[in-house]
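Numbering (numbering that gives the first Met the number 0) for the first sequence: 0 to 411. Just so you know, even glycine gets a beta-carbon here, dropped at the ideal spot from N, CA and C.
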Amino acid sequence: MKQSQLFVPTLKEAPKDAEVKSHKLMARAGLIKQTAAGIYTYLPLGLRVIKNIEAIIREEHDQRGCSELLMPALQPRDLWEESGRWGQYGPELMRLKDRKERDFCLGPTHEEVITAVVRDYIQSYKKLPLALYQIQTKFRDEMRPRFGLMRGREFIMKDLYTFSESRADLDAWYQTMKIAYTTIFNRCGLETKIVSSDTGQIGGDAADEFMVMSEVGEDTITYCDQCDYAANQEFSGLSEGDPCPNCEGTIQVAKGIEVGNIFKLGTKYSESMNAYFTDRSGHRQPVIMGCYGLGISRTLMAAVEQHSTDDSLLWPKAITPFHVHVIPVKMTPENEDAILSLYNNLSRTYTVLLDDRDERVGVKFKDADLIGLPYRVVLGKDFKDGLVEFTDRHTAETRLVAVTDLPDLLLL
RNA sequence: CGGGACGUGGCGCAGCUUGGUAGCGCGCUUGGCUGGGGGCCAAGAGGUCGCAAGUUCGAAUCUUGUCGUCCCGACCA
0 MKQSQLFVPT
10 LKEAPKDAEV
20 KSHKLMARAG
30 LIKQTAAGIY
40 TYLPLGLRVI
50 KNIEAIIREE
60 HDQRGCSELL
70 MPALQPRDLW
80 EESGRWGQYG
90 PELMRLKDRK
100 ERDFCLGPTH
110 EEVITAVVRD
120 YIQSYKKLPL
130 ALYQIQTKFR
140 DEMRPRFGLM
150 RGREFIMKDL
160 YTFSESRADL
170 DAWYQTMKIA
180 YTTIFNRCGL
190 ETKIVSSDTG
200 QIGGDAADEF
210 MVMSEVGEDT
220 ITYCDQCDYA
230 ANQEFSGLSE
240 GDPCPNCEGT
250 IQVAKGIEVG
260 NIFKLGTKYS
270 ESMNAYFTDR
280 SGHRQPVIMG
290 CYGLGISRTL
300 MAAVEQHSTD
310 DSLLWPKAIT
320 PFHVHVIPVK
330 MTPENEDAIL
340 SLYNNLSRTY
350 TVLLDDRDER
360 VGVKFKDADL
370 IGLPYRVVLG
380 KDFKDGLVEF
390 TDRHTAETRL
400 VAVTDLPDLL
410 LL
């Protein structure tokens, strides 16, 4: 893309309602803009990252036999009466009426809808297992939205629901998705710890959370410095320096951002909403369910929080909005053709952002630092001789290289 | 929902204590000079001071109400 055509409203100063680093940077780098408390617009650059995260999620789900669908955000009251949650959920549930005064809610989660979608279909064990997911906007009327995308009232989430004929099959899905989640977060440049958790509002009998360690996290996590033991401090009761309950290691304490959670739902929804099947021995059984949430907008925020300084971003390569930032120090009628040719050439293999704006180079560099693409190619005084300045920002190494060598240097 | 704070050109802020009709930086427009890390000079444009009521000859400033936003906590995941 040519930067002159892309809507990237960078800011010299952060808006005053941004407090945490990631929020300030996302606003300054032109990734998001606040529309109301806990409600954000994803600007083109932010949307590109969201789409990259989504692509990784789709890959890791589809290859494990999950099917994508899309359910409605607007859900009728009667489904929530079936599960009993219309009365249970409380003011976090965004409720509204249609013109005929019928009650609806904006979905904070989709157990009700998915169960209603599949229950007619899964009459026999032969139709199981089934794993269905969607990527969708969720609504929760949080008492207190905070920290930009950390806790929004409207946010993007991937939610997967599995339907199994047996506990063993549910357990297998659960393990599969644990691995899938770890893989997804790693690919997004995030290291996660898995902590077992309360089942809360969703209901069910086992749950794990995927936490990214970060000082702005809302949970306090105790974890071992040697093995993979990790737990929410409320439950574990451990403190910094305690011995690990599982090995010889020592307990550390840190804040964590919850970017994913997975639940073994069991039969809570299948029983209340009549999703039964006939098993191999001819008995009618409630389907055994699991649900697996992954906060996409929150993952974006966590990635920014981790991969940034106070005034610059540095995107993990897998989710960066563009791979390469091409910055001509000066565009003139004489060098324009050569610049466009380089840009078009690189664009065949990589996503390229060409800063063709009529700005001073200082402005371009400052914006480039903010935007944080992993590779930078500066077209400077040696460009006329076929040489460019190439920087891999992850290593901070800059080299003068031949234009013709560029594509090979960018092996991602 | 309890506690705290803030709403003043697009953005960040000052002015409010002690009422007299709005200012600074950035950005924007035009011209010139510049040209490798958010340039300089000059001339401009842009604001019902969140909204409403009240006090007053007069309100950005005082009073009350209301709406919005942020932070701490509780809540939730």
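In the three-state reduction of the DSSP assignment, residue 269 falls in the helix class.
For residue 334, there is no enclosing beta strand (DSSP E), as DSSP gives it neither H nor E.
One Cα belongs to residue 163, the other to residue 408, and the distance between them is close to 48 Å. Distance from the CA atom of residue 385 to the CA atom of residue 246, rounded to whole angstroms, is 58 Å.
The Cβ atoms of residue 299 and residue 70 do not sit closer than 9 Å to each other. Look at the segment 236–282 and you find these whole runs of alpha helix (DSSP H), each 4 residues long or longer: 267–271. In the DSSP annotation of this structure, the continuous segment of the alpha helix (DSSP H) that includes residue 111 starts and ends at 110–117. Comparing alpha carbon positions, the residue from 5, 51, 8, 35 closest to residue 296 is 51. Measuring C-alpha to C-alpha distances from residue 66 to each of 132, 45, 23 identifies 132 as the nearest. C-alpha of residue 136 to C-alpha of residue 382: approximately 46 Å in a straight line. Distances from the CA of residue 233 to each of 272, 367, 227, 254 were compared; the closest alpha carbon is that of 254. For residue 287, the beta-bridge partners assigned by DSSP are 163. Per DSSP, reduced to three states, the secondary structure at residue 149 is coil, with no helix or strand assignment. Contact between residue 28 and residue 371 holds: CB atoms are separated by about 7 Å, below the 8 Å threshold.
Counting other Cβ atoms within 10 Å of its Cβ, residue 226 stays below 16 and is therefore classed as exposed. DSSP places residue 128 in the coil class of the three-state scheme, outside both helix and strand. Per DSSP, residue 327 lies in no alpha helix (DSSP H); the unbroken beta strand (DSSP E) holding it starts and ends at 323–327. Look at residue 122 here: in three-state DSSP terms it is coil, with no helix or strand label. Checking the DSSP bridge columns, you'll see residue 14 has no partner listed.
For residue 376, the three-state secondary structure derived from DSSP is strand. Under the DSSP assignment, residue 362 falls outside any beta strand (DSSP E), being part of the alpha helix (DSSP H) whose first and last residues are 360–370. Residue 273 counts as exposed, since fewer than 16 other beta carbons sit within 10 angstroms of its beta carbon.
Listed in chain order, the beta strand (DSSP E) elements of length 3 or more contained wholly in the segment 81–112 are 93–96, 102–105.
The C-alpha of residue 192 is placed about 44 Å away from the C-alpha of residue 379. A contact is defined here as three or more CB-CB pairs under 8 Å, and the segment 4–19 meets this definition with respect to the segment 356–374. If you draw a straight line from the Cα of residue 308 to the Cα of residue 365, it comes to about 13 Å. Counting along the chain, the unbroken beta strand (DSSP E) around residue 207 starts and ends at 205–212. According to DSSP, residue 223 shares a beta bridge with 250. With contacts defined as CB atoms closer than 9 Å, residue 111 and residue 78 qualify as a contacting pair.
Per the C-alpha coordinates, the member of 283, 348, 166 positioned closest to residue 204 is 166. DSSP links residue 156 through a beta bridge to 135, 294. Shown here, residue 67 sits in a strand according to DSSP, grouped into three states. Taken atom to atom, the span from the alpha-carbon of residue 324 to that of residue 410 is near 15 Å. Taking the Cβ atoms as the reference, residue 130 lies roughly 7 Å from residue 172, within the contact range of under 8 Å.
Per DSSP, reduced to three states, the secondary structure at residue 33 is strand.
Looking at the DSSP output, residue 391 sits in a beta bridge with 374, 396.
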